[in-house]
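> So the sequences go chain by chain: A and B. Each number in the numbering used here corresponds to the 1-based position in the first sequence with 440 added. Each number in the numbering used here corresponds to the 1-based position in the second sequence with 182 added.
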Amino acid sequence: EADIYQTPRYLVIGTGKKITLECSQTMGHDKMYWYQQDPGMELHLIHYSYGVNSTEKGDLSSESTVSRIRTEHFPLTLESARPSHTSQYLCASSGGGPNEQFFGPGTRLTVL
Amino acid sequence: AQSVTQLGSHVSVSEGALVLLRCNYSSSVPPYLFWYVQYPNQGLQLLLKYTSAATLVKGINGFEAEFKKSETSFHLTKPSAHMSDAAEYFCAVSDRGFKTIFGAGTRLFVKA
Chain A
441 EADIYQTPRY LVIGTGKKIT LECSQTMGHD KMYWYQQDPG MELHLIHYSY GVNSTEKGDL
501 SSESTVSRIR TEHFPLTLES ARPSHTSQYL CASSGGGPNE QFFGPGTRLT VL
Chain B
183 AQSVTQLGSH VSVSEGALVL LRCNYSSSVP PYLFWYVQYP NQGLQLLLKY TSAATLVKGI
243 NGFEAEFKKS ETSFHLTKPS AHMSDAAEYF CAVSDRGFKT IFGAGTRLFV KA
């Protein structure tokens, strides 16, 4: 079944720890995105990728990094987590056509 | 530059009443327009999309939206609200390129 997956769903971690949020899609989409979402706020694009070995920073400045070594996999890494990184992180993918995006269930990150 | 404004961060309706969620957009080129729905602890799911075909677009779960170029609006409606419609709704605009801009969202409450 074509889908998009994110793990973990919830993560509570201490300041200074390195974390990786996983995102995988089985739809063969070239375009993938990471958004940050805070309650009552619009989604903010933090990273995107056109395809393998292509990554770009989004509109919202982020201390995270991403990689795209395989079409289906687009992990996001924080080298040193801080309380300001507490948020929900949504991964999405898009194929051709009008840029309709398919979203994963999200990872809710809390940094203590 | 593109932008999206959703009027009303919260909307409350009675079960069986009309649902109207307002969205106005700004775009320098003919846009693609979308409505997404987000249920608690889930990612966003596409409700419907406008891609320059019919101006009245029908989506899932009985929702529809009408593209009005003269008013730069893309309001979402449903004739009769159901308890299961309670969720957060996001309007989004794409310039037919890579990026999509999301509104801040409108939380819909449905009263029994």
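From the three backbone atoms N, C-alpha and C, an ideal C-beta is built for every residue, glycine too.
For Thr288 (chain B), which beta-bridge partners are listed by DSSP?
B:Tyr271
> Is Asn206 (chain B) helix, strand or coil by DSSP?
strand
> Any C-beta of chain A sitting closer than 8 Å to the C-beta of Gly285 (chain B)?
True, the Cβ-Cβ gap to chain A drops below 8 Å.
> Quick check on the burial criterion: 16 or more other C-beta atoms within 10 angstroms. Buried or exposed for Phe249 (chain B)?
buried
> With burial defined as no fewer than 16 other Cβ atoms inside 10 Å of the residue's Cβ, what is the status of Met265 (chain B): buried or exposed?
exposed
> Could you have a look at Met472 (chain A) and say whether DSSP puts it in helix, strand or coil?
strand
> Could you work out which residues of chain B lie near Met481 (chain A), taking near to mean beta carbons separated by less than 7 Å?
Among the residues of chain B, those whose CB is under 7 Å from the CB of Met481 (chain A) are Ala286, following chain order.
> Can you confirm whether Leu230 (chain B), when its beta carbon is compared against all beta carbons of chain A, has any partner nearer than 8 Å?
no
> Does Pro515 (chain A) have its Cβ less than 8 Å from a Cβ in chain B?
no
> Do the CB positions of Leu549 (chain A) and Thr517 (chain A) come within less than 8 Å of each other?
Not closer than 8 Å, so no.
> Just to confirm the assignment, what range does the beta strand (DSSP E) spanning Ile486 (chain A) have?
Per DSSP, the continuous beta strand (DSSP E) segment holding Ile486 (chain A) begins and ends at 484-491.
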